[in-house]
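These notes are about the structure you will find just below.
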Amino acid sequence: MEKSHLSLLAQVPAPLLDWYYKNARVLPWRENRDPYRVWVSEIMLQQTRVAAVIPYFLRFMEQLPTIESLANAPEDQLLKLWEGLGYYSRARNLQKAAKEICMKYGGIFPDRYEDILSLPGIGPYTAGAIASISFGQPTPAVDGNVLRVLSRLLEWDADLTGAAEKKQVAGLLAAIYPAGQCGAFTQAWMELGAVICVPGGAPKCEDCPLGHICGAFGSGTQMSFPVLSPKKPRKKEYKTVFLLRCKDKIALHRRTPGGLLGGLWEFPNTEGHLDPDAATAWLTGRGLSVHALAERAPKKHIFTHIEWHMQCYLVECGNENNDFVWVTERELREKISLPTAFRKFAGELGL
Ligand code: SF4
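Mapping the sequence shown onto numbering that gives the first Met the number 0, position 61 (from 1) lands on 60, and the numbers just tick up by one.
Now the structure itself:
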């Protein structure tokens, strides 16, 4: 990092904060600096757009308004509140951390960065966000938004997404954090990356408060930054999903703990695409008599590193079996949290 970069960064706080104070979006988690609200919102916002998060956040705060209520919530309630957000380990880690805060800190959110960082599910980004926004500390929250803006400002032509590079960036930014405005400064970077120096399209440089010092804008190279190493292609997995009905009951299965969607509910399924005969044999092998079996439209679900290509059979069964848990439609609708990968088949059952 050259000295000229540091002197350029030193020019960022004043115009960025001025712009932020005038343009910050009104968001429910910005109503106050309560670390519980900041924490829950930051975890929800990972991998999810602001507009999608707002109703989840409001519902979550209504039902679990305190750290203690989160620590004591039944798992089914917690997962139902998270249904559709994906990455369910985030919800489980929230609860683990809430329990730890109750046990170790008497239910009061810790204010030391290291203590925050040591909580389950909290990495340097989230710890930086909470420590700066809620406790006014100069702890940058370096995510894709910040890296994108910074790499364009400085025309920094290296892949910065590794942990070591992010740490280096955090160190640089910490040096320019303005005393007394640390929380606003963290949020200003996030805001600029979300609404002006946007991902996946042309940045709105004409409206940018940093346009006058931005290297990429000056040289017209905005779209060349950030520099990213090529991603590995996603692994493809093929499955056959069964929507099994027996009278007014539907079959579900609990996934084994750990791994992708670990411990969550799913419709019974198996690896590979089975033709109707093989599908019938798979079901009879599990003690089910098959009255009718009809193929339904296949669906695809994309996770970060894997994509599932799922074919589907809707099956009328003559009996229930012990391999699966048989629930009513109402239970499935109101009580069971089904991951989106499977929820997308619910329409086939009229749910
Ligand atoms: S001037 Fe353009 S490229 Fe530079 S930081 Fe602003 S929006 Fe991003």
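The beta carbon of each residue, even a glycine, is placed where N, CA and C say it ideally should be.
Keep in mind that this is a model prediction, so the values were computed, not measured.
Quick one: Cα of residue i to Cα of residue j, how far?
{"i": "R253", "j": "N268", "result": "11 Å"}
{"i": "G161", "j": "S228", "result": "10 Å"}
{"i": "A163", "j": "L152", "result": "20 Å"}
{"i": "R58", "j": "V168", "result": "35 Å"}
{"i": "F323", "j": "L251", "result": "6 Å"}
{"i": "Y19", "j": "L242", "result": "50 Å"}
{"i": "G286", "j": "N320", "result": "6 Å"}
{"i": "A215", "j": "E154", "result": "6 Å"}
{"i": "F56", "j": "G262", "result": "23 Å"}
{"i": "E74", "j": "P119", "result": "16 Å"}
{"i": "D247", "j": "G346", "result": "16 Å"}
{"i": "I100", "j": "R36", "result": "14 Å"}
{"i": "E306", "j": "T125", "result": "27 Å"}
{"i": "K334", "j": "G127", "result": "35 Å"}
{"i": "I121", "j": "A72", "result": "20 Å"}
{"i": "R24", "j": "R244", "result": "47 Å"}
{"i": "T65", "j": "A51", "result": "22 Å"}
{"i": "R329", "j": "D33", "result": "36 Å"}
{"i": "G143", "j": "P198", "result": "9 Å"}
{"i": "G217", "j": "P256", "result": "52 Å"}
{"i": "C204", "j": "F134", "result": "32 Å"}
{"i": "I53", "j": "R29", "result": "11 Å"}
{"i": "K230", "j": "T327", "result": "43 Å"}
Among residues of its own chain, excluding the 5 on either side of residue i, which ones have a beta-carbon nearer than 8 Å to its beta-carbon?
{"i": "S131", "result": "P137, T138, P139, A140, Y176, C181, G182, F184, T185"}
{"i": "Y86", "result": "Q45, Q46"}
{"i": "Q94", "result": "L69, A70, A72, E74, L77"}
{"i": "A201", "result": "Q221, M222"}
{"i": "M60", "result": "P27, R36, V39"}
{"i": "E236", "result": "E270, I305, E306, W307, H308"}
With DSSP as the reference, please indicate the residues paired to residue i in a beta bridge.
{"i": "L251", "result": "V324"}
{"i": "Q310", "result": "T239"}
{"i": "A293", "result": "L313"}
{"i": "T269", "result": "T239"}
{"i": "W264", "result": "R253"}
{"i": "C245", "result": "K248"}
{"i": "I305", "result": "K234"}
{"i": "H300", "result": "W307"}
Cutting at 7 Å between CB atoms, please list the residues of its own chain near residue i, excluding the five before and the five after it.
{"i": "V148", "result": "W188, L191, G192, C196"}
{"i": "A9", "result": "I175"}
{"i": "F344", "result": "V240, L242, F266, K298, C311"}
{"i": "L273", "result": "T239, W281"}
{"i": "R332", "result": "L350"}
{"i": "L84", "result": "M43, T47, Y55"}
{"i": "K98", "result": "A70"}
{"i": "D206", "result": "I195"}
Could you name the residues of the same chain whose beta carbon sits closer than 6 Å to that of residue i, not counting the 5 residues immediately before and after it, in chain order?
{"i": "P225", "result": "L146, R147, S150"}
{"i": "H4", "result": "L153"}
{"i": "C316", "result": "L243, C245, L287"}
{"i": "L337", "result": "W264"}
{"i": "K79", "result": "S336"}
Comparing the CB of residue i with every heavy atom of ligand 2, is any distance shorter than 6 Å?
{"i": "V148", "result": "No copy of ligand 2 occurs in the structure displayed; its ligands are ligand 1 alone."}
With a threshold of 7 Å between beta carbons, is residue i in contact with chain C?
{"i": "K230", "result": "The structure shown has no chain C; it contains just one protein chain."}
Meets three-Cβ-pair contact criterion under 8 Å: the stretch 104-115 and the stretch 8-24: no
Any 3 or more C-beta pairs closer than 8 Å across the stretch 203-212 and the stretch 286-299: no
Determine, using beta-carbon pairs with one atom in the stretch 87-97 and one in the stretch 268-284, whether at least three such pairs fall under 8 Å. no
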